[in-house]
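Undergrad:
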Amino acid sequence: MANNVDALYIFLLVVSGMMTVAIFTLVLVFAVRYRKRPGQRAEQIDGSHALEITWSLIPFCIFMVFFAWGAIIFFQERKPPQNSAEVYTVAKQWMWKFEHMEGQREINELHVPIGRDVKMIMTSQDVIHSFFVPAFRIKQDVLPGRYTVAWFHATKAGTYHLFCAEYCGTMHSGMVGSVVVMEPKDYEAWMGGGGNQPLAVTGEKLFTELGCVTCHRSDTQGRGPNLVSIFGKPVLLEDGRTVVADENYIRESILQPGAKIVNGFKPIMPTFQGQISDEQLNALVAYVKSLSQAPSGQTGGRKMATATP
Amino acid sequence: MATAVLESGERETYLNKEYGIKSWLLTVDHKRIALLYLVSITFFFFIGGFFALLIRLELLTPAGDLVQADTYNKLFTMHGQVMVFFFLIPAVPAVLGNFLIPIMIGAKDLAFPRVNLLSWYLYIIGGALMLYTILNGGVDTGWTFYTPLSTEFLNTHVVTAGLAIFVAGFSSILTGLNFVVTTHRMRAPGMTWSRLPLFVWAHYATSIIQLLGTPVLAITLLLVVCERLFHLGIFNPALGGDPLLFQHLFWFYSHPAVYIMILPGMGIVSEIVCCFSRKRIFGYTAMALALLGIAVVGFLVWAHHMFVAGISLYAAMIFSLLSYFVAVPSAIKVFNWTSTMYKGSITYQTPMLYAFGFIGLFTMGGLTGLFLASLGIDVHVTDTYFVVAHFHYIMVGGMVMAYLGGMHFWWPKISGRMYPEGWGRLAALLVFVGFNLTFFPQFILGYMGMPRRYWDYSHSPEFQILNVLSTAGATVLAVGYVLPMIYFLWSMRYGKPAPDNPWNAAGLEWMVPSPPPTFNFEEQPVVTWEAYNYDEIKEEVPVAQ
């Protein structure tokens, strides 16, 4: 991704550099060539429609190349690959908290292996922050009250700067950290330390403790919708709309259950706004997602270690 | 209209007609109000500039060592708010526009002289609130007031700062209203739309933005104040609000506001380039249409400030596309200024040096804008020093260069005195060199990844060398800005008396005495010539060599 961005950047530099040089040269040449000389008067020229049209259309066509190329890169940046490893991220004044699917938690440091697509599922506990890793050429604002997503694919081992790029108060410039990219075997070793509980398992426990399971039953259709296999699928709502059950939808359904009622169900679920932390919410979301990746599922990978801890 | 200097004493001008504080504070003469504005915006310019210098000094070293983090955050916040709302937006329209538009179209005054005075008083009330905010400990929201930070998480004077800008906004609306009505209703016989100087066209386009955009900012700031005081839950998600709603509303004004700043500058540059090339502007119609085009399309690109803010993929693509549309008329303007010089008879007095500077810096500012409009690049460089450099190239490199060029160009008309040409050229050179030294390194810093609004970068010492260059440039720039203020003041007493038309320039303002009498024209002028009729103007040796 960084290479694509740099290629476009160099292309823009070359093209706009040529435009700059052309204009500067013309200004300088005219300024010298047509400097005031005794006995010589300026020649009055009204303008030229042909020229106006030419120097509107040619830049316009160049601009469209800039647009299209930039849009293609952006499109890729916004579409995380299917099998990305997921890292739930909670930003707050003034730190970054990460939680891997395997249950490892980190603050201001994020360890990832080379060669894996990593999807950041991010939210903020307070104000707007922005997840910015210059080396990966990615940036995404992190908002309170919803998830935003970024992804990257590291190709070289090393430690890279992580910055908060959206001004967030006193220690904005202290909200920095690093992304540590490791060789897969080093990563495995790092991952192996400490018996962590996978995030989805934490979520499953919460699902029971909070009583969610009494209505959202997995064996049959309870008073609430059965959540097995709903993730990523369209859901028909009471008012006739259809929404895709993504992370934000699940999040909202937990915090504001009344916002989008599934067709055929009653708005009886109590709100969990203010009763669970962002970390607990992330665990619940991870659990609900794991229900769509049944043990027999082919989506595979290690990210959904739901069946057994 | 000769400059008959009476033997019995001086000719009566708007400056010597009356004396005393009252004759200034209660004046309804557009030229005196322009001078009131000139003094006020200069005051705020130097306050904002002082904050900028402190910012640059702090960034000289990676560690946050000169001021506290909170102080630094206040410095860049108040630098932005003071410069944008109390200098850049009013500068050209309220000073040069106010002074020149009635004279350029052959009118005695603006359509609503008292409203004009009211706009200055509103500006002063807003300015006083801003000063109160600064002196009471300041505000640290960033000039952008992003929510929910500004509404729930800061203990500084957000409310008074918001109200200061709210009130100053009305001053801007009233100026815009006055210009629109004046341009429609007060033109002299024969002064058709196609004979208007581009300076007037530029202000007309600007005024439309001021009228349509500023109320949205006022509403937005009021909502911020309401959420802060009464916890209304408009922008804060914890109260059921939407933080992105704020950004949409804020940029709906604040992007067009960039054009409020730059369009009048474009008007000035058109006047100067024509005068010192001794030529009619190349492509008059295209130039006027481009101004209007920028004003209209400029309203449709606001969300390009929000590509990584969490708007949808397709919204981002549409706003990226529209942003390229607005670049086309800007490109047309640069090409036409350049072509105006072709086969001209060019001299290099101070105003022309500033115009050269404007064309160069605006071109670079505009082209780097194309980088930011390109989604793939924007993701990386937005909210870094690349953006800081880009908008300073437009707003300082473009707008302030044009403003200074215009001040030098019309200073003989305004004051009746010539400024010292040698010092003028030196200052222009210092501003140009200092500006590039300050802001060019910031493009590189931005691509390297240095985020904006960072007080401390000790984690990334590799940023230091470019920051040192930038700070060095800022000191040169500061000298370049202080010099004109000194010699303008000096010239008021010691400068050579200015002739009515020191540049042999076209336009009605050069046909009235310097300085003009209170009602500008002794008799109603009738316009029988096209704008920029340099072929009909006698070549005299300019007084200012």
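These protein sequence lines map, in sequence, to chains F and C. Convert by adding 3 to the 1-based position in the first sequence; the result is the number in the numbering used here. Convert by adding 3 to the 1-based position in the second sequence; the result is the number in the numbering used here. Cβ atoms here follow ideal geometry from the backbone N, Cα and C, with glycine treated the same way.
Taking all protein chains shown into account, do 16 or more other C-beta atoms lie within 10 angstroms of the C-beta of Met-21 of chain F, making it buried, or fewer, making it exposed?
TA: Classification of Met-21 of chain F: exposed, given that the 10 Å Cβ count is below 16.
Undergrad: Interface residues of chain C around Met-174 of chain F at Cβ under 7 Å?
TA: Near Met-174 of chain F (Cβ distances below 7 Å), the residues of chain C are Ala-72.
Undergrad: Looking at C-alpha atoms only, which residue of C:Val-382, C:Phe-524, C:Arg-455 is the closest neighbour of Gln-79 of chain F?
TA: Cα-wise, what sits closest to Gln-79 of chain F is C:Val-382.
Undergrad: Listed in chain order, which residues of the segment 273-300 of chain C have Cβ atoms closer than 7 Å to some Cβ of chain F?
TA: Under the 7 Å Cβ criterion, the segment 273-300 of chain C contributes Ser-280, Arg-281, Lys-282, Arg-283, Phe-285, Gly-286, Tyr-287, Ala-289.
Undergrad: Thinking just about the alpha-carbon of each residue, which of F:Gln-85, F:Lys-100, F:Gly-206 is nearest to the one in Lys-122 of chain F?
TA: Taking only the C-alpha atoms, the option nearest Lys-122 of chain F is F:Gln-85.
Undergrad: Let me know the secondary structure DSSP gives Cys-167 of chain F once reduced to three states.
TA: Reduced to three states, the DSSP call for Cys-167 of chain F is strand.
Undergrad: Can you list, in chain order, the residues of the segment 54-76 of chain F whose Cβ is nearer than 8 Å to any Cβ on chain C?
TA: Of all residues in the segment 54-76 of chain F, Leu-54, Glu-55, Trp-58, Ser-59, Pro-62, Phe-63, Phe-66, Met-67, Phe-69, Phe-70, Trp-72, Gly-73, Ala-74, Ile-75, Ile-76 have a Cβ within less than 8 Å of some Cβ in chain C.
Undergrad: Once DSSP output is grouped into helix, strand and coil, what is the label at Gln-259 of chain F?
TA: Here Gln-259 of chain F sits in coil by DSSP.
Undergrad: Please classify Gln-301 of chain F as buried or exposed, where buried requires at least 16 neighbouring CB atoms within 10 angstroms.
TA: For Gln-301 of chain F, the predicted model reports a pLDDT of 39, less than 50, meaning its position is unreliable; a value from the coordinates is still stated below. Flag for Gln-301 of chain F reads exposed.
Undergrad: Near Met-307 of chain F, which residues of its chain fall below 6 Å by C-beta distance, leaving aside the five closest residues on each side in sequence?
TA: Low confidence applies here, because Met-307 of chain F scores a pLDDT of 38, under 50, leaving its location unreliable; read the following figure in that light. Closer than 6 Å at the Cβ level, and outside the excluded window around Met-307 of chain F, lie Ser-293, Gln-296.
Undergrad: What does Glu-46 of chain F touch in chain C if you count any residue whose Cβ is under 7 Å from its own?
TA: Those within 7 Å of Glu-46 of chain F in chain C are Lys-346.
Undergrad: Which residues, in chain order, does the segment 333-365 of chain C contribute to contact with chain B at a C-beta distance below 8 Å?
TA: Going by chain labels, chain B is absent from the structure shown, which instead holds the protein chains F and C.
Undergrad: When we look at the beta-carbon of Pro-500 of chain C and count the other beta-carbons within 10 Å, is it buried (16 or more) or exposed?
TA: So Pro-500 of chain C ends up on the exposed side.
Undergrad: Output the distance between the C-alpha atoms of Leu-99 of chain C and Pro-267 of chain C, rounded to the nearest integer angstrom.
TA: Answer to the nearest angstrom: the Cα atoms are 9 Å apart.
Undergrad: Does the distance from the C-beta atom of Trp-146 of chain C to that of Gln-84 of chain C stay below 9 Å?
TA: Yes; because the gap between Cβ atoms is below 9 Å, this pair is in contact.
Undergrad: Whole-angstrom Cβ separation of Leu-486 of chain C and Trp-413 of chain C, contact assumed at under 8 Å?
TA: That belief does not hold up - the Cβ atoms of Leu-486 of chain C and Trp-413 of chain C are roughly 18 Å apart, past 8 Å.
Undergrad: Excluding the 5 residues flanking Asn-523 of chain C on each side, which residues of the same chain have their C-beta closer than 6 Å to its C-beta?
TA: Excluding positions up to five away in sequence, the list reads Ile-106, Lys-111, Val-515.
Undergrad: Should Trp-99 of chain F go down as buried or exposed, given a rule of 16 or more other Cβ atoms within 10 Å for buried?
TA: Under this definition Trp-99 of chain F is a buried residue.
Undergrad: Have a look at C:Glu-526, C:Tyr-537, C:Pro-528 and flag the residue whose alpha-carbon is nearest the alpha-carbon of Ala-508 of chain C.
TA: Of the listed residues, the one whose Cα sits closest to Ala-508 of chain C is C:Tyr-537.
Undergrad: In terms of residue numbering, what span does the beta strand (DSSP E) encompassing Glu-112 of chain F cover?
TA: It spans 112-116 - the beta strand (DSSP E) in which Glu-112 of chain F sits, taken as one unbroken run.
Undergrad: From Ile-380 of chain C to Phe-322 of chain C, what does the alpha carbon distance come to, in whole angstroms?
TA: The straight-line gap from Cα to Cα measures roughly 14 Å.
Undergrad: Listing by chain order, which chain F residues have their CB less than 8 Å from the CB of Leu-370 of chain C?
TA: Simply Ser-19, Met-22, Thr-23.
Undergrad: Kindly identify the DSSP beta-bridge partner or partners of Lys-142 of chain F.
TA: Lys-142 of chain F is bridged to F:Phe-135.
Undergrad: Taking only the alpha-carbon atoms, compute the straight-line gap between Pro-454 of chain C and Ser-418 of chain C and give it to the nearest angstrom.
TA: Using only the alpha carbons, I get a separation of about 44 Å.
Undergrad: Which residue comes first and which comes last in the beta strand (DSSP E) that contains Leu-239 of chain F?
TA: Counting along the chain, the beta strand (DSSP E) containing Leu-239 of chain F begins and ends at 237-239.
Undergrad: Which one of C:Pro-93, C:Phe-285, C:Val-170 has the shortest CA to CA distance from Ala-534 of chain C?
TA: Nearest C-alpha to Ala-534 of chain C: C:Phe-285.
Undergrad: Output needed in chain order: residues of the segment 117-133 of chain F with a Cβ under 7 Å from some Cβ in chain C.
TA: Those would be Asp-129, Val-130, Ile-131, Ser-133, in chain order.
Undergrad: Within the continuous beta strand (DSSP E) that includes Lys-346 of chain C, where are the two ends?
TA: Where Lys-346 of chain C is concerned, there is no enclosing beta strand (DSSP E), given that its DSSP letter is neither H nor E.
Undergrad: List in chain order: all unbroken beta strand (DSSP E) runs of 3+ residues lying wholly within the segment 27-102 of chain F.
TA: Segments of the beta strand (DSSP E) lying fully in the segment 27-102 of chain F: 88-95.
Undergrad: Grab me the residues of Ile-3 of chain C's own chain with a C-beta within less than 6 Å of its C-beta, minus the 5 sequence neighbours each way, in chain order.
TA: With chain C covering 4 to 548 only, the question about residue 3 of chain C has no answer from this structure.
Undergrad: Taking Cβ-Cβ distances shorter than 9 Å, what residues in chain C pair up with Leu-209 of chain F?
TA: In chain order: nothing, as chain C lies at least about 21 Å away.
Undergrad: Pull up the distance between the alpha-carbon of Val-70 of chain C and that of Gly-50 of chain F, whole angstroms please.
TA: About 55 Å.
Undergrad: Measuring alpha carbon to alpha carbon, tell me which residue in F:Pro-201, F:Gln-259, F:Val-183, F:Val-238 is nearest Glu-102 of chain F.
TA: The residue with the shortest Cα to Cα distance from Glu-102 of chain F is F:Pro-201.
Undergrad: Could you tell me the distance, in whole angstroms, from the CA atom of Ile-297 of chain C to the CA atom of Pro-332 of chain C?
TA: Cα to Cα, Ile-297 of chain C sits roughly 6 Å from Pro-332 of chain C.
Undergrad: Are the CB atoms of Ser-210 of chain C and Gly-179 of chain C within a distance shorter than 9 Å?
TA: Closer than 9 Å, so yes.
Undergrad: Just to confirm before moving on: does the CB-CB distance between Leu-152 of chain C and Gly-118 of chain F stay below 9 Å?
TA: No, the Cβ-Cβ distance between Leu-152 of chain C and Gly-118 of chain F is not below 9 Å.
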